[in-house]
Amino acid sequence: MYPWGIAEVENPDHCDFIFLRNLLIRTHMQDLKDVTNNQLYENYRCQKLAAVTSVSLDSKLAASNRNPLAQFEMEKKEHQARLKNMKAGMEKVMEEKVKEKMNKMEEQKNELKQKHEQALKHLEKMRSDLELKKKELAEQTKTLEELQLASGVPVNNSTSSLNSAKEKTQSKKNKSTKKLF
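Residue numbers (the numbering used here): 1 to 181.
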(Lines of atoms letter the chains of each structure in order from A; the text may use other names.)
(Lines give C-alpha, C1' and ligand atoms only; values in the text may rest on other atoms or scores of the structure.)
Protein backbone atom coordinates (compact mmCIF):
# COMPACT_ATOMS: atom_id res chain seq x y z
CA MET A 1 0.00 0.00 0.00
CA TYR A 2 1.36 3.36 -1.02
CA PRO A 3 0.17 6.87 -0.13
CA TRP A 4 -1.08 7.39 -3.68
CA GLY A 5 -2.84 4.02 -3.91
CA ILE A 6 -2.58 0.25 -3.89
CA ALA A 7 -0.26 -1.90 -6.02
CA GLU A 8 -1.23 -5.57 -6.07
CA VAL A 9 1.31 -8.03 -7.49
CA GLU A 10 -1.34 -10.66 -8.27
CA ASN A 11 -3.60 -8.15 -10.11
CA PRO A 12 -2.86 -8.11 -13.90
CA ASP A 13 -4.15 -4.52 -14.12
CA HIS A 14 -1.39 -3.34 -11.74
CA CYS A 15 1.60 -5.59 -12.54
CA ASP A 16 3.06 -7.93 -15.21
CA PHE A 17 4.36 -10.42 -12.63
CA ILE A 18 1.72 -13.07 -13.40
CA PHE A 19 2.56 -13.05 -17.10
CA LEU A 20 6.31 -13.27 -16.40
CA ARG A 21 5.83 -16.15 -13.93
CA ASN A 22 3.66 -18.06 -16.39
CA LEU A 23 6.21 -17.54 -19.16
CA LEU A 24 9.19 -18.73 -17.08
CA ILE A 25 7.66 -21.53 -15.06
CA ARG A 26 5.02 -23.03 -17.27
CA THR A 27 6.50 -22.71 -20.73
CA HIS A 28 10.26 -22.93 -19.97
CA MET A 29 10.27 -25.34 -16.99
CA GLN A 30 11.70 -28.23 -18.98
CA ASP A 31 14.49 -26.01 -20.30
CA LEU A 32 15.38 -24.97 -16.73
CA LYS A 33 15.50 -28.62 -15.64
CA ASP A 34 17.67 -29.62 -18.57
CA VAL A 35 20.16 -26.80 -18.06
CA THR A 36 20.36 -27.55 -14.33
CA ASN A 37 20.93 -31.28 -14.91
CA ASN A 38 23.19 -31.15 -17.93
CA GLN A 39 25.42 -28.20 -17.14
CA LEU A 40 25.39 -27.33 -13.46
CA TYR A 41 25.13 -30.83 -11.98
CA GLU A 42 27.56 -32.38 -14.46
CA ASN A 43 30.13 -29.66 -13.74
CA TYR A 44 29.71 -30.22 -9.99
CA ARG A 45 30.00 -34.02 -10.36
CA CYS A 46 33.15 -33.72 -12.49
CA GLN A 47 34.81 -31.43 -9.95
CA LYS A 48 34.04 -33.79 -7.04
CA LEU A 49 35.27 -36.86 -8.93
CA ALA A 50 38.45 -35.03 -9.90
CA ALA A 51 39.01 -34.07 -6.26
CA VAL A 52 38.56 -37.69 -5.14
CA THR A 53 40.96 -39.12 -7.67
CA SER A 54 43.76 -36.58 -7.14
CA VAL A 55 44.93 -36.21 -3.53
CA SER A 56 47.97 -34.01 -4.02
CA LEU A 57 50.26 -32.71 -6.74
CA ASP A 58 52.76 -35.55 -6.22
CA SER A 59 50.16 -38.26 -6.58
CA LYS A 60 48.51 -36.88 -9.72
CA LEU A 61 50.68 -39.04 -11.95
CA ALA A 62 50.04 -42.13 -9.85
CA ALA A 63 46.33 -41.31 -9.65
CA SER A 64 46.02 -41.17 -13.41
CA ASN A 65 47.31 -44.79 -13.61
CA ARG A 66 44.92 -46.09 -10.91
CA ASN A 67 41.23 -46.49 -11.09
CA PRO A 68 39.09 -44.28 -8.81
CA LEU A 69 37.98 -47.16 -6.56
CA ALA A 70 41.56 -48.20 -5.77
CA GLN A 71 42.42 -44.57 -5.11
CA PHE A 72 39.42 -44.27 -2.81
CA GLU A 73 40.43 -47.41 -0.87
CA MET A 74 43.98 -46.09 -0.45
CA GLU A 75 42.66 -42.77 0.83
CA LYS A 76 40.32 -44.61 3.18
CA LYS A 77 43.24 -46.59 4.66
CA GLU A 78 45.30 -43.42 5.08
CA HIS A 79 42.38 -41.71 6.76
CA GLN A 80 41.88 -44.66 9.13
CA ALA A 81 45.58 -44.62 10.02
CA ARG A 82 45.37 -40.89 10.81
CA LEU A 83 42.27 -41.49 12.91
CA LYS A 84 44.06 -44.27 14.80
CA ASN A 85 47.02 -41.97 15.51
CA MET A 86 44.70 -39.19 16.64
CA LYS A 87 42.81 -41.60 18.90
CA ALA A 88 46.05 -42.85 20.46
CA GLY A 89 47.16 -39.25 21.08
CA MET A 90 43.82 -38.36 22.63
CA GLU A 91 43.91 -41.43 24.87
CA LYS A 92 47.42 -40.52 26.00
CA VAL A 93 46.32 -36.98 26.85
CA MET A 94 43.28 -38.34 28.68
CA GLU A 95 45.43 -40.74 30.71
CA GLU A 96 47.76 -37.90 31.66
CA LYS A 97 44.82 -35.76 32.76
CA VAL A 98 43.36 -38.63 34.79
CA LYS A 99 46.73 -39.26 36.49
CA GLU A 100 47.07 -35.57 37.21
CA LYS A 101 43.58 -35.44 38.71
CA MET A 102 44.21 -38.58 40.79
CA ASN A 103 47.46 -37.07 42.14
CA LYS A 104 45.62 -33.89 43.01
CA MET A 105 42.89 -35.86 44.79
CA GLU A 106 45.51 -37.89 46.70
CA GLU A 107 47.22 -34.69 47.83
CA GLN A 108 43.89 -33.27 49.00
CA LYS A 109 43.15 -36.52 50.82
CA ASN A 110 46.51 -36.38 52.61
CA GLU A 111 45.95 -32.74 53.55
CA LEU A 112 42.54 -33.57 54.98
CA LYS A 113 44.03 -36.49 56.92
CA GLN A 114 46.67 -34.22 58.41
CA LYS A 115 44.07 -31.60 59.36
CA HIS A 116 41.93 -34.30 60.94
CA GLU A 117 44.86 -35.66 62.95
CA GLN A 118 45.80 -32.16 64.08
CA ALA A 119 42.21 -31.49 65.14
CA LEU A 120 42.15 -34.78 67.09
CA LYS A 121 45.45 -33.91 68.81
CA HIS A 122 44.13 -30.47 69.68
CA LEU A 123 40.91 -31.98 71.03
CA GLU A 124 42.84 -34.52 73.10
CA LYS A 125 45.04 -31.76 74.51
CA MET A 126 41.99 -29.73 75.42
CA ARG A 127 40.44 -32.80 77.06
CA SER A 128 43.57 -33.49 79.12
CA ASP A 129 43.77 -29.80 80.15
CA LEU A 130 40.15 -29.95 81.20
CA GLU A 131 40.76 -33.12 83.21
CA LEU A 132 43.71 -31.45 84.97
CA LYS A 133 41.59 -28.43 85.82
CA LYS A 134 38.83 -30.73 87.05
CA LYS A 135 41.32 -32.55 89.34
CA GLU A 136 42.70 -29.25 90.61
CA LEU A 137 39.18 -28.05 91.38
CA ALA A 138 38.39 -31.26 93.22
CA GLU A 139 41.61 -30.95 95.26
CA GLN A 140 40.90 -27.32 96.03
CA THR A 141 37.36 -28.20 97.10
CA LYS A 142 38.70 -30.99 99.28
CA THR A 143 41.32 -28.77 100.91
CA LEU A 144 38.70 -26.08 101.48
CA GLU A 145 36.42 -28.56 103.22
CA GLU A 146 39.33 -29.88 105.32
CA LEU A 147 40.27 -26.33 106.31
CA GLN A 148 36.70 -25.56 107.24
CA LEU A 149 36.43 -28.72 109.32
CA ALA A 150 39.80 -28.07 111.00
CA SER A 151 38.94 -24.49 111.84
CA GLY A 152 35.59 -25.50 113.22
CA VAL A 153 33.60 -23.49 110.73
CA PRO A 154 30.52 -25.33 109.61
CA VAL A 155 30.75 -26.81 106.12
CA ASN A 156 29.11 -24.60 103.56
CA ASN A 157 26.08 -26.16 101.87
CA SER A 158 27.24 -24.85 98.50
CA THR A 159 30.20 -27.22 98.36
CA SER A 160 28.13 -30.20 99.43
CA SER A 161 25.47 -29.27 96.91
CA LEU A 162 28.25 -29.12 94.28
CA ASN A 163 29.29 -32.64 95.18
CA SER A 164 25.69 -33.90 94.98
CA ALA A 165 25.25 -32.17 91.60
CA LYS A 166 28.43 -33.84 90.36
CA GLU A 167 27.14 -37.21 91.48
CA LYS A 168 23.79 -36.66 89.69
CA THR A 169 25.45 -35.71 86.39
CA GLN A 170 27.82 -38.64 86.69
CA SER A 171 24.93 -41.06 87.20
CA LYS A 172 23.07 -39.54 84.21
CA LYS A 173 26.16 -40.01 82.01
CA ASN A 174 26.46 -43.63 83.10
CA LYS A 175 22.78 -44.26 82.30
CA SER A 176 23.06 -42.62 78.86
CA THR A 177 26.18 -44.62 77.93
CA LYS A 178 24.45 -47.82 79.04
CA LYS A 179 21.58 -46.99 76.69
CA LEU A 180 23.97 -46.51 73.79
CA PHE A 181 25.57 -49.91 74.25
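Positions of the beta carbon are idealized from the N, C-alpha and C atoms, including for glycine.
Should residue i and residue j be called a contact, given that it needs their Cβ atoms to be closer than 8 Å?
i: E10; j: I18; result: yes
i: P68; j: V52; result: yes
When DSSP labels each residue in this structure, what does residue i get in the three-state scheme?
i: C15; result: coil
i: E10; result: coil
i: H116; result: helix
i: N110; result: helix
i: G152; result: coil
i: N67; result: coil
i: H28; result: coil
Less than 6 Å between C-beta atoms, sequence neighbours within five positions excluded: which residues of the same chain meet that for residue i?
i: E42; result: none
i: H14; result: A7, E8
i: P3; result: none
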